[in-house]
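Letter by letter, the sequence shown follows residues 1 to 942 in UniProt numbering. Ideal placement from N, C-alpha and C gives every residue a C-beta, glycine not left out.
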Amino acid sequence: MYVCFEIIILLLSCNFCVLVYTQDPSCCHHAAELFPQCREACEQLLTIRSESRLKHFLLRLPSYCPESLSELWVCINNTLPGASKKSDGWVGLGCCELAISAECRRDCKQASSKNDITKVCVCVCVCVCVCPVGSVCCSYAGRHTNCREYCQAIFRTDSSPTVSQINAVKEYCQSISPQLIGCVANYTKSYPIRSPLDSLYCCDRAEEAHCQTACKRILHTMSTEQEIMDGLISECGSQPLPQDPLWQCFLGSAHPPTISDPETPPIAKMDYAKLHCCFKANTSHCRNMCLEISTNWGTQTWQEFDQHCEYNPAEMDLITCLADVREPCQLGCKDLSYCTNFNNRPTELFRSCNVQSDQGAMSDFRLWSNGSIKMPFMNIPVLDIRRCQPDMWKAVACALQIKPCYSKSRGSVICRSDCVDILSQCGDGKRFLEGQTPERICDLLSAKDEPERCIPLHRYLTPSPFQNIIEEVIHPCNPSPCPSNHLCEVNRKGCHPGHDCLPYFCVPGCKLGEASEFLVPVDGRIQVPTRSGQVGCYEVCTCGQSGRLENCAEMPCFDTSKTCLIGGQRKSHGVSFRVDCQRCSCFAGESICSSRQCVRSDGSDEDRRLFTGLPCGCADHFVPVCARNGRTYPSACVARCVGFKDNQFVFGSCRSIDPCSPNRCQRSQRCVPRRQVCLTELSEYPCPQYECVSRPVGCDQNQLDPVCDTDNMEHANLCLLFQRSKSLAYMGHCQDACRRPREVCGHNGETYSTVCEAFSDRVAVDYQGRCHAVGVVSEFTSDSGCNAVPCPPLSSRACNPVTPPGACCPVCAGLLQILWNKAQMNTFAKVNPVTVHDVLKILRLHISVPQCDIFGYLSVDSELIVLIVSVDQQPTPLQIEACSKETEKIDSLINSASPTLGAHVPLAAFLHSEVKLSTISSAAFLFLINAVLLNFLFICES
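What follows is the structure, encoded as structure tokens:
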């Protein structure tokens with residue numbers, strides 16, 4: 001049974017397993033009395049009717065029911081999807097393809113009965129144990145972060161390790177751990193020959209464009225090395241000469257060496273993600289080292305960089321940025337076996353909650369038990385930590401490996417007070433160097449003791465209070481279940497009836513440079529620094545179907561050395577500040593501010609009474625006009641104030657105007673309304689509100705992006721709806737609640753016929769009925785327009801709500817007010833107009849919790865307003881908290897200009913964000929904690 005425990009979970013993950021669960025209720029009695037959570041989870045399986053939730057819950061079941069409950073697992077295994085037999089063998093045969101050796105794949109496929117499941121388990125283990133092999137090998141790195149990072153890169157990829165990856169491990173880890181070198185060597189020697197597609201980047205080295213195209217086609221269609229070489233010689237008209245850049249690259253990558261091979265000069269490779277970060281360095285020495293390594297990856301190591309910059313307080317922005325691209329902060333942590341106090345924390349952010357880090361923490365504790373903590377720039381002598389504060393030292397080891405990260409700094413350092421306390425008690429003062437004290441050591445390691453800027457160890461000295469709350473908040477993409485060249489996206493579309501339904505999608509992506517592990521989605525537009533590494537110079541590329549960045553176009557450079565003079569003070573490029581109530585940011589010497597109206601501090605009471613908060617002091621009368629950017633403004637006065645001329649807007653809301661009247665399309669085409677709000681205002685790049693669509697000849701029946709027509713009939717995708725000559729009502733599944741029109745007012749001031757229509761437009765609802773009020777746009781504004789608005793009840797009594805700008809009613813949500821650079825946005829629009837939908841679509845990829853979704857609109861002050869809201873009608877306090885944490889995470893990425901967000905066009909134009917959160921009321925939070933504790937005590941007593 002123990003042999004096959006892992007394969008049970010693996011069989012569940014096969015995409016074509018039949019998902020019909022007929023578990024015998026008697027199975028649950030095998031859950032021992034010592035594991036009441038397991039029995040509760042087992043019984044909960046019987047109540048689940050959703051395929052996606054059932055499959056996800058089955059994958060999570062081992063976290064509630066330990067492997068030792070063999071009778072329970074045998075019972076469940078008899079009814080597991082994939083355990084049933086078909087004429088062609090196991091339903092889960094796709095898992096057999098995961099095995100590395102051909103013999104294993106053959107034996108696995110020949111296993112045709114339950115009696116042979118051990119053979120299946122053992123065979124597939126040849127593949128699935130690759131990850132544990134990596135865990136064991138890389139655990140030898142101890143606390144040497146970059147040695148472990150290079151080691152993990154060997155096991156993270158589906159293809160053979162590259163020359164530079166192997167050389168980096170050899171060079172960086174040789175002095176740290178010979179065991180690691182030997183372990184990795186044994187792995188690389190037995191690795192199968194790499195795929196031809198792993199050499200795709202070599203095609204870009206060809207001088208002729210037709211040769212580049214032919215090279216990519218050949219590598220996609222031919223498999224043997226001789227076929228590929230013959231094809232390249234024929235198409236490119238050149239012999240394989242070593243001085244030719246194409247052949248030099250291709251031949252150098254065809255046979256990846258192992259660590260025991262003679263050293264080969266590595267090929268310099270780019271890492272655009274890290275190159276983004278280099279511009280954040282505050283010292284020229286660290287900046288130059290970062291630039292050299294990021295543009296010539298494989299020719300240098302990060303060892304010197306670590307010694308001079310990794311713990312330099314002046315380089316916190318640089319280090320945090322590098323941490324973002326190596327290991328982005330993700331919500332949730334679970335399934336750790338050593339750092340168990342870090343489990344069951346669904347609303348906390350962590351960089352590295354995985355098995356490797358868990359084992360690394362255990363290894364660190366063992367190393368420190370020898371009496372010394374070795375760091376790149378000093379050694380700290382300690383007493384026997386197995387006897388002196390062992391729980392505290394375990395929390396330190398786990399915190400440094402699992403890496404909790406918080407909204408403001410996202411750094412992974414323990415708080416100074418904890419550092420001083422533990423070294424005062426357990427530091428070996430007799431072996432301290434001259435001048436060393438706990439205080440001085442901790443000044444170097446964790447100089448700050450501010451809340452939200454360091455890791456408080458007391459949080460992790462006890463288990464999470466939420467350990468008994470099952471599946472209120474899930475994290476389908478943490479850890480990622482996808483291959484190394486795919487991104488994981490939350491499944492918000494559902495699945496075709498009768499098909500397996502996972503809570504995530506695996507989407508192909510591109511790496512940001514040959515040496516980068518950071519992925520962006522296919523067809524996405526990405527801004528990367530130019531290869532020269534010149535500060536302020538970027539190019540915009542597209543992530544192509546080949547899996548590489550292509551069609552790059554240079555953007556105008558901007559001078560980051562220019563400063564802004566504000567009130568007699570100089571503000572550097574990228575610094576945000578306030579001028580009265582307006583939020584501003586300095587960009588290349590230009591002060592870019594919001595257009596908020598401010599109350600004069602020396603104004604009279606009458607001035608305050610008359611203040612509306614609207615641009616130009618316009619009256620708060622609701623007489624809507626539709627501007628050429630597709631946005632409805634509350635009055636002509638406001639539209640004029642934000643820059644539109646009288647001939648650039650018309651009276652009436654934008655949704656009340658039919659953009660297809662008159663028909664602007666050709667006779668063979670159909671005019672379809674496509675209402676959108678553009679963030680660009682260039683006369684040569686208009687904001688079309690319609691689309692001319694030809695009648696599709698054929699549609700992909702398997703493409704799932706559900707839409708609902710005006711007859712309340714659902715179609716799998718928009719193509720099928722047009723093919724059937726139906727009219728679109730809204731995107732998404734048809735909802736019974738939206739069968740009949742029931743008007744609602746959105747936060748953008750538009751009236752929608754149903755709430756489904758509003759949600760389809762990515763707009764949250766303010767109140768029922770037609771829009772008839774301007775809404776609140778300032779804390780001092782008159783709310784007379786909202787007095788007559790009956791606000792709907794809050795989705796939860798537990799939250800302290802926020803009121804979005806221009807809305808009347810408060811909501812339980814996380815809210816972002818984003819300032820952006822119009823000049824940059826206009827530059828990005830030279831290909832296509834940039835819309836609010838474009839921005840929300842990219843931001844939505846960063847919302848990792850399915851229980852939260854994103855909405856947004858353009859405010860009358862020309863700020864981008866983003867709401868992250870719980871999708872449940874009656875969300876729990878934990879779900880509201882999760883949405884707030886997702887909001888904090890995005891706010892932090894914007895304000896730090898992190899490339900994980902800012903590399904995406906058009907998000908690269910974001911300058912600053914201001915966050916407002918729906919906090920959980922203290923009474924509700926105490927009630928939740930007490931309920932959890934009471935449940936825990938009840939379990940203990942029983």
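- In the three-state reduction of the DSSP assignment, ASP449 falls in the coil class.
- In the three-state reduction of the DSSP assignment, LYS726 falls in the coil class.
- C-alpha of ALA909 to C-alpha of VAL535: approximately 16 Å in a straight line.
- Comparing alpha-carbon positions, the option among ALA397, ILE402 and HIS210 lying closest to LEU367 turns out to be ALA397.
- Contact check for LEU445 and ALA395: beta-carbon distance about 15 Å, past the 8 Å limit, so the pair fails to qualify.
- Put simply, the backbone Cα of VAL802 is about 41 Å away from that of ARG287.
- Between the alpha carbons of THR563 and SER576 lies a distance of about 12 Å.
- Under the 10 Å beta carbon count, PHE651 is surrounded by fewer than 16 other beta carbons and is classified as exposed.
- Cβ neighbours of CYS236 within its own chain (closer than 6 Å, five residues either side excluded): CYS211.
- For TYR538, the enclosing beta strand (DSSP E) begins and ends at 538 to 543.
- Cβ neighbours of THR919 within its own chain (closer than 6 Å, five residues either side excluded): ASN800.
- Remark: C-beta atoms of ASP559 and CYS543 do not approach each other more closely than 8 Å.
- Annotation: PHE365 is outside any beta strand (DSSP E); the continuous alpha helix (DSSP H) that includes it extends over 355 to 368.
- At a cut-off of 3 residues, the continuous stretches assigned as beta strand (DSSP E) that sit fully inside the region 507 to 591 are 519 to 521, 525 to 529, 538 to 543, 549 to 554, 564 to 566, 569 to 571, 576 to 579 and 582 to 587.
- Note on geometry: alpha-carbon atoms of CYS138 and TYR172 lie some 13 Å from one another.
- The beta carbons of ASN341 and LYS334 sit no closer together than 8 Å.
- DSSP, read as helix, strand or coil, puts MET222 in coil.
- Contact between the region 824 to 842 and the region 670 to 677 is established, with three or more Cβ pairs separated by less than 8 Å.
- Residue range 390 to 402 is occupied by the alpha helix (DSSP H) that includes PRO390.
- Within the UniProt domain "Kazal-like" (610 to 656), the complete beta strand (DSSP E) runs of at least 3 residues fall at 625 to 627 and 649 to 651.
- For HIS715, the three-state secondary structure derived from DSSP is strand.
- Judged by their CB atoms, CYS477 and CYS426 are not nearer to each other than the 8 Å cut-off.
- In the same chain as ASP391, and ignoring 5 residues on each side of it, the C-beta atoms closer than 8 Å to its own belong to LEU461, in chain order.
- For ARG670, the enclosing beta strand (DSSP E) stretches over residues 669 to 673.
- Secondary structure at TYR338: coil, using DSSP grouped into helix, strand and coil.
- In the three-state scheme derived from DSSP, where H, G and I count as helix and E and B as strand, PHE828 is classed as helix.
- Bounds of the beta strand (DSSP E) holding ASN379 are 379 to 381.
- Rounded to the nearest angstrom, the Cβ distance from LEU816 to ILE880 is 16 Å, too far for a contact under 8 Å.
- As the crow flies, the alpha-carbon of GLN689 is around 10 Å from that of CYS671.
- Take the alpha-carbon of TYR504 and the one of PRO850: they are about 9 Å apart.
- Its chain contains TYR140 as the residues whose beta carbon lies nearer than 8 Å to that of GLN179, once the 5 sequence neighbours on both sides are disregarded; these appear in chain order.
- CYS616 is classed as exposed because its beta carbon has fewer than 16 other beta carbons within 10 Å across all chains shown.
- The shortest C-alpha to C-alpha distance from LEU907 to any of HIS715, LEU917 and ILE526 is the one to ILE526.
- Using a 10 angstroms sphere on the CB of THR213, the tally of other CB atoms stays under 16, which defines it as exposed.
- Pairing CYS442 with VAL473 gives a Cβ-Cβ distance that is not under 8 Å.
- Distance from the CA of ARG39 to the CA of PHE466, rounded to the nearest whole angstrom, comes to 18 Å.
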